[in-house]
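Take the numbering used here: the last position of the sequence shown gets the number 102, and nothing is skipped along the way. Glycine is no exception: its CB is placed at the ideal position from the N, C-alpha and C atoms. As the structure is a prediction and not an experimental result, all values here were calculated from the model. Notes follow once the structure below has been shown.
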Amino acid sequence: MLPIQRLEQYTFRFPDEVLMVNAQVDGDEDFVVVFRGFSSSLVKPTAADPEVPVLSEAAIIDTIDRLQSPYTPDNPQYLERDIPWADFSDRLTQLGL
Numbered sequence: 006m007l008p009i010q011r012l013e014q015y016t017f018r019f020p021d022e023v024l025m026v027n028a029q030v031d032g033d034e035d036f037v038v039v040f041r042g043f044s045s046s047l048v049k050p051t052a053a054d055p056e057v058p059v060l061s062e063a064a065i066i067d068t069i070d071r072l073q074s075p076y077t078p079d080n081p082q083y084l085e086r087d088i089p090w091a092d093f094s095d096r097l098t099q100l101g102l
């Protein structure tokens, strides 16, 4: 399972959270919002087909921010910021994701 798919599964399990993913794709920075099992890039076009991953296998996830849902760009409610991917990945593993 791709890392972005693990994050989508996490938001299925915790629908009151929004994840903001900071990643590197082909040397370019990308920001992806993940909410209720779906993800969308804030930088690059997102495919209309939900089966096409927003982040490729080659993408490098740097950090994750956890936010309270609903996400409002003008007033984001952060639960946690700048969680290193290795730490968040460990949490996902502990949750069976």
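- In the three-state reduction of the DSSP assignment, residue 16 falls in the helix class.
- By the C-beta density criterion, residue 44 is buried, having at least 16 other C-beta atoms within 10 angstroms.
- Residue range 83–89 is occupied by the beta strand (DSSP E) that includes residue 87.
- Of the other Cβ atoms in all chains shown, fewer than 16 fall within 10 Å of the Cβ of residue 100; this residue is therefore exposed.
- Along the length of the region 24–51, whole beta strand (DSSP E) runs at least 3 residues long occupy 33–40, 43–46, reported in chain order.
- With contacts defined as CB atoms closer than 9 angstroms, residue 82 and residue 72 qualify as a contacting pair.
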